[in-house]
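Residue numbers (the numbering used here): 3 to 468.
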């Protein structure tokens, strides 16, 4: 019974304490003793209960057992999912070889999660991006003056970006709600088209549900056989031990496990992916690479000098006392991720015999919209300061197209990117949705779309920037 309590109710304990108190380091021994005593008292009450109380106690016991089974089942399902075989069959490999004529450019789609636009990055986070931007332009990238997100949240932004259509304009996505939205990336109509064009799909799985796996992928980096579910760390991170970083990370070697809304990658894993991305040019025929970078989104993994820091995920975006530290951490992380991105695309361009197509974009800006980050509760629209709304729906975008391709518009939204890429790389005659709207929706009701006029999404004037 005590074991069931630890497994099934530990996360409840952590959420309860986090809601009442700021998460502060607590002695691990005290946590273990206190929580075991609480469960012990509950167990004694269940054993000694009689009459109506006994029926209530039985219900608690059955509920705890059910929660434990569900927890084990979800972990087991995740573990099985990571064992999906990567690579294509011999028949598919022959098809790639047959489709290599005429030669076509490699395509790289790099999505930097929650990367603020140039203006907001400078104004709010003190990051002078001039060297980064000048370097991209010198490599042949076009950087639109104004780029807009179409949706507030990643699981909506990514499929609309890939499909080149707003979700409500596509019959396969218009009615999808709930957890099914996380499957939309894998179900995108883009992937069969990429294969039809003779491309291999190189995919970089993440711990984030929407980009955890891609059924159409031909190459997973890292390969499924090398990935693992950190069982002990996962259980500990959602138990009372989550309040004791020192004990948690010493006993379970869980340096990267902190109290967080969802799992995340270490800085080392992130850097490895950029290195692998740079090795793909001309490796075995045309490649379409999709890298969803879970950064500069929280947690903050980099110090000011881009060394690895103790991960920090601020769970309170309302507390003004943390805003300065949050701004510094986010600005530093964005600068370090930009450096990794620039290094990778520079190497890709150097290695490529055929000038590639490269899209670097964010899915949405920052905006600090979380009211209760751990539980996924954001501000309502009427509670959100106008500047934070504008910051959330303005994005960074840079595009490298083959010479002679049509220019990228100076004002653009994310749903325009892939149609423009398909025109440039393959000559496809696909519709480009110009002036597509930007929608606000709270995370806990993410399909309650409210259109936001672009007149409300201006960036700070240049005089306000460092």
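C-beta: ideal position from N, C-alpha, C; glycine also.
- The beta carbon of residue 212 sits closer than 7 Å to those of 156, 157, 160, 184 and 187, all from its chain and outside the five residues before and after it, given in chain order.
- Your pair residue 424 and residue 149 does not check out as a contact, with CB atoms roughly 18 Å apart and the cut at 8 Å.
- Within the same chain, Cβ atoms closer than 7 Å to the Cβ of residue 383 are found at 442 and 452, the five residues on either side in sequence being excluded.
- 8 Å or more divides the Cβ of residue 134 from the Cβ of residue 365.
- In the three-state DSSP reduction, residue 341 falls in the helix class (H, G or I).
- By the Cβ-count criterion, residue 265 is buried, with 16 or more other Cβ atoms from all chains shown falling within 10 Å of its own Cβ.
- Taking C-alpha positions only, residue 110 is separated from residue 172 by approximately 24 Å.
- With a cutoff of 8 Å on beta-carbon distance, residue 289 and residue 108 are scored as near each other.
- Rounded to whole angstroms, the gap between the alpha carbons of residue 179 and residue 449 is 7 Å.
- In the DSSP assignment, residue 303 falls within the beta strand (DSSP E) that extends over 302-304.
- Within the model, the alpha-carbon separation for residue 457 versus residue 418 is close to 19 Å.
- If you ignore the 5 residues before and after residue 407, its C-beta comes within less than 7 Å of the C-beta of 426, all in its own chain and listed in chain order.
- Counting only residues of its own chain and dropping the five nearest sequence neighbours on each side, residue 428 has a CB closer than 8 Å to the CB of 106 and 199.
- Judged by DSSP secondary structure, residue 122 falls within the alpha helix (DSSP H) whose first and last residues are 120-127.
- Between the beta-carbon of residue 336 and that of residue 123 there is about 6 Å, and that keeps the pair under the 8 Å contact cut.
- Scanning its chain for C-beta atoms nearer than 6 Å, with the 5 sequence neighbours on each side dropped, one finds around residue 310 the residues 269, in chain order.
- Annotation: the continuous alpha helix (DSSP H) that includes residue 133 extends over 132-140.
- Taking 8 Å as the cut-off, the beta carbon of residue 287 is found no closer than this to the beta carbon of residue 151.
- For residue 356, the closest C-alpha among the options 282, 373 and 390 is that of 282.
- Following the DSSP letters along the chain, one finds residue 388 in no beta strand (DSSP E) but inside the alpha helix (DSSP H) bounded by residues 388-395.
- Counting only residues of its own chain and dropping the five nearest sequence neighbours on each side, residue 168 has a CB closer than 8 Å to the CB of 152, 162, 417, 435, 438 and 439.
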